[in-house]
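To start, the structure under review is shown below, and the notes come after it.
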Amino acid sequence: MSEFDPEPSAATLSEEQAVWTETEDTRRRIQSVITGLQEQAPVTAIADRAACSENAARKHLKDFAALGVVHQVDDPSGTRYVRNEAYIRWQRANKLATTNTAEELLTTLAELEDQDEQFQAQFDEPTPEMVELSAELSHTDLEERIEALSEWETVRTSIDRHKEAVRIARCTDDRLTA
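Under numbering that gives the first Met the number 0, think of the first position of the sequence shown as 0, with each following residue one higher.
Below, the structure written as structure tokens:
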């Protein structure tokens, strides 16, 4: 049995990029790269990751900036781009709104709000940020507490996303009325 290596080989990466460039157009590749950006990146880095020319990247990045998908940051070292987190949040909520029925959205939202209330009762605090981690906890208890707080934060993020999905659904059609 071969050993597991979490990093793919250079040949595998090269093959995957070749398939990607053959199956996706330049605009889609750039969009894929920018939605994965966690920090500002110059056109050269984005073009390299998207396997396209800098001119093509620059053209599409200007379009994406005009649409609000990315923010263009001009500084003395040059123009850099970073994804617009508000757009990413909207995109995720919009996907929920278009792939779920109104009943499903509202049912899931109610379940998430119940979970949030359970966490509030468990920790006797209104938000995960308010919970103090005691230095007196054992390592195991501390890990369990941190894991529960992380889960709670995920629940709260999901609540926000589902509320936005409900708002989007209300704006785009008559599925929800109250």
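Positions of the beta carbon are idealized from the N, C-alpha and C atoms, including for glycine.
Chain-order list of residues whose beta-carbon lies under 7 Å from that of residue i (same chain, five-residue window excluded)
i, result
"R144", "L132 and L136"
"Q16", "A50"
"I87", "T34"
"L148", "P127 and V130"
Separation of residue j from residue i, as counted between CA atoms
i, j, result
"V130", "F122", "7 Å"
"H161", "L104", "7 Å"
"L111", "K94", "18 Å"
"P125", "Q119", "5 Å"
"A44", "A168", "37 Å"
"S76", "E38", "15 Å"
"P41", "T78", "6 Å"
"A46", "T34", "14 Å"
"H138", "Q117", "24 Å"
"E150", "D73", "37 Å"
"T98", "V165", "12 Å"
"F63", "Q90", "14 Å"
"E163", "A101", "12 Å"
"K58", "C170", "32 Å"
"A195", "V32", "Residue 195 is absent from the model: the chain starts at 0 and stops at 177."
"A92", "L36", "19 Å"
Cβ-based neighbour list, residue i, same chain, cut-off 6 Å, excluding 5 preceding and 5 following
i, result
"P7", "none"
"C51", "T25"
"T20", "A50"
Residues near residue i by beta carbon distance below 8 Å, same chain, minus five either side
i, result
"I158", "L108, L111, E112 and D115"
"K61", "Q71"
"V154", "L111, Q114, D115 and F118"
"R174", "Confidence at R174 is low in this model, with a pLDDT of 48, below 50, so the placement of that residue is unreliable and no value is reported for it."
Three-state secondary structure assigned by DSSP to residue i
i, result
"V130", "coil"
"R174", "Bear in mind that the predicted position of R174 carries a pLDDT of just 48, short of 50, making it unreliable; the figure below should be weighed with that in mind. In this structure, R174 counts as coil in the three-state DSSP scheme."
Can you give, in chain order, each stretch of the alpha helix (DSSP H) that sits fully within the stretch 50-79 and has at least 4 residues?
-> Here the runs fully enclosed are 53-66.
Whole runs of the alpha helix (DSSP H) within the stretch 0-42, excluding any shorter than 4 residues | Runs found: 9-22 and 25-34.
On the three-pair Cβ rule with 8 Å, is the stretch 80-89 touching the stretch 56-70?
-> Touching, yes.
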